[in-house]
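A.B. asks: Attaching a single structure in structure tokens format; questions to follow.
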Amino acid sequence: MDINQLNCFITVAQTLNFSEAARRNYVSQSTVSRYVSDLEKEFGVQLFTRSHRDVIITSEGKALLPYAIEIVETLKKAKTVIKQMHDGGQGKITLGCDVTSLSFPTKCIADFAEKYPGITIDVRQLDEADRTLAITGGEYDFCFMPRDMVPESSGIESIITHNETLSVVTAKNSKFSGRKSIKLSELADESILVLSESVAPIVYMEIMDLFRTFHITPKIENSFDDLVSIYVSSSSGIGVSVIPTSVAAYTSDEYTDSYLIDDADTSIAYVMAWEKNISNPAAKLFMEAVKKYAKGDDNIYGL
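Sequential numbering from 1 applies to the sequence shown in the UniProt record's numbering.
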């Protein structure tokens with residue numbers, strides 16, 4: 001039994017005409033007759049009674065018809081799904097984001113999800129323990145992180161997505177209230193809250209370097225491994241947090257105020273990194289969405 005036999009059987013059953021079945025299936029009438037005969041031999045029953053004038057489907061033919069239709073439709077669906085997966089219209093991508101990579105991935109994911117609703121997008125916080133393995137180990141299709149976190153490896157490619165500045169987040173109605181920006185030097189006497197060096201090493205080092213540049217020994221009140229803790233602590237007035245501006249944008253205006261730092265260059269370059277030779281069709285489509293928004297500069301190490 002093959003799909004051509006079933007297609008011809010279905011058409012004969014629906015039209016009760018061998019000539020019409022041949023026309024619709026783009027084969028000769030003798031081929032249709034042979035396909036039906038082969039099915040009858042396989043099942044050991046007569047599917048149609050034929051005369052010079054009429055074709056009548058037998059009870060056995062009527063019993064087979066819904067199953068034949070289901071088989072043909074299932075195969076069509078399977079072909080469609082496989083093609084969509086091959087073309088990228090179906091499937092799954094897995095993204096790893098470090099704790100400070102929020103705004104750029106969000107924008108790309110929203111655009112991509114609207115364009116390709118059949119592709120599942122799995123977003124996970126990036127494991128900082130072994131970034132090379134995270135990128136090349138097959139767990140993630142793409143990883144978003146600060147540029148200086150990307151390991152130098154000929155097996156890794158990357159593209160600069162954007163530059164991120166730092167902002168200061170305070171409890172509502174702090175002494176800085178009403179302003180749009182502050183100077184880093186004004187934080188010399190403040191209790192500082194930061195993301196820990198273990199979860200955000202580049203951001204942490206950038207903050208420490210800025211304080212050193214201004215000859216300030218920061219009063220680090222606490223460092224946190226998660227954003228919830230730093231949000232709660234900032235809004236409670238325990239201290240002021242120094243975090244990426246896009247991360248600060250996720251804080252609630254009801255409980256906090258955020259300020260740009262206007263007397264220092266706090267820019268940090270962020271990238272999307274991936275293992276060379278992308279094989280996932282859905283991932284190739286996501287790459288197109290990223291390049292629509294990305295700043296550019298492929299292959300940051302020139303490898």
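For every residue, glycine included, the Cβ atom is placed at its ideal position computed from N, Cα and C.
With DSSP run on the structure shown, which of helix, strand or coil describes residue 47?
C.D. replies: The answer is coil: DSSP assigns residue 47 none of H, G, I, E or B.
A.B. asks: Residue 240 and residue 187 look like a contact to me (Cβ under 8 Å); what is the Cβ gap, rounded to whole Å?
C.D. replies: The pair is a contact, with the Cβ atoms about 7 Å apart (cut-off 8 Å).
A.B. asks: Out of curiosity, what's the CA-to-CA distance linking residue 226 and residue 98?
C.D. replies: The alpha-carbon atoms of residue 226 and residue 98 are separated by roughly 11 Å.
A.B. asks: Measure the alpha-carbon distance for residue 177 versus residue 266 and round it to whole angstroms.
C.D. replies: When rounded, the distance between both Cα atoms is 21 Å.
A.B. asks: I need the straight-line Cα distance from residue 40 to residue 31, nearest angstrom please.
C.D. replies: Taking the straight line from one Cα to the other gives about 14 Å.
A.B. asks: Suppose contacts are defined by Cβ-Cβ distances below 9 Å. Is residue 161 in contact with residue 258 by that definition?
C.D. replies: Not in contact: residue 161 and residue 258 (Cβ atoms no closer than 9 Å).
A.B. asks: Just verifying my parser: in three-state terms, what is the DSSP assignment at residue 63?
C.D. replies: Here residue 63 sits in helix by DSSP.
A.B. asks: So residue 112 and residue 272 are in contact, right, with Cβ under 8 Å, and what is the actual spacing, rounded?
C.D. replies: Actually they are not in contact, since the Cβ atoms of residue 112 and residue 272 sit about 13 Å apart, beyond 8 Å.
A.B. asks: Which residues mark the beginning and the end of the beta strand (DSSP E) in which residue 218 is found?
C.D. replies: Run containing residue 218: none; DSSP gives neither H nor E here.
A.B. asks: Could you check if residue 82 is buried or exposed, using at least 16 other CB atoms within 10 Å of its CB as the buried criterion?
C.D. replies: Exposed, since its Cβ has fewer than 16 Cβ neighbours within 10 Å.
A.B. asks: Express the C-alpha separation of residue 121 and residue 134 in angstroms, rounding to a whole number.
C.D. replies: Using only the alpha carbons, I get a separation of about 17 Å.
A.B. asks: Mind pulling the beta strand (DSSP E) runs of 3 or more residues that sit fully within the region 179–224?
C.D. replies: Segments of the beta strand (DSSP E) lying fully in the region 179–224: 191–195 and 219–224.
A.B. asks: Is DSSP giving residue 14 helix, strand or coil here?
C.D. replies: Residue 14 falls in the helix class under three-state DSSP.
A.B. asks: Just the Cα atoms here: how many angstroms apart are residue 101 and residue 146?
C.D. replies: Answer to the nearest angstrom: the Cα atoms are 8 Å apart.
A.B. asks: Report yes if the C-beta distance between residue 194 and residue 243 is below 9 Å; otherwise report no.
C.D. replies: In this structure, residue 243 lies closer than 9 Å to residue 194 by Cβ.
A.B. asks: Can you check which of these residues, 150, 138 and 2, is closest to residue 34 by C-alpha distance?
C.D. replies: Considering only alpha carbons, the answer is 2.
A.B. asks: Does the separation of the CB atoms of residue 182 and residue 253 fall below 9 Å?
C.D. replies: Against a cut-off of 9 Å, the Cβ pair of residue 253 and residue 182 comes out as no contact.
A.B. asks: To the nearest angstrom, how far is the alpha carbon of residue 91 from that of residue 282?
C.D. replies: Spanning the two alpha carbons is a distance of roughly 6 Å.
A.B. asks: If you draw a straight line from the C-alpha of residue 25 to the C-alpha of residue 155, how long is it?
C.D. replies: Each residue's alpha carbon lies about 50 Å from the other.
A.B. asks: Leaving out the 5 sequence neighbours to the left and right, which residues in its chain are closer than 7 Å to residue 6 when beta-carbon positions are compared?
C.D. replies: If we look at residue 6 and ignore the five residues flanking it on each side, its Cβ neighbours are 68, 71 and 72.
A.B. asks: Straight-line CA distance for residue 118 to residue 105?
C.D. replies: Those two C-alpha atoms are separated by around 19 Å.
A.B. asks: Residue 158 to residue 190, Cα distance in whole Å?
C.D. replies: Each residue's Cα considered, the two are about 38 Å apart.
A.B. asks: Report the rounded CA-to-CA distance for residue 236 versus residue 164, giving the unit in angstroms.
C.D. replies: Between residue 236 and residue 164, the C-alpha separation is close to 26 Å.
A.B. asks: Go through its chain and collect everything with a Cβ distance to residue 303's Cβ below 6 Å, but skip five positions before and after it.
C.D. replies: A caution first: residue 303 carries a pLDDT of 29, below 50, which makes its placement in the model unreliable, though a value can still be read off. So the list reads 154, once near-sequence residues are dropped.
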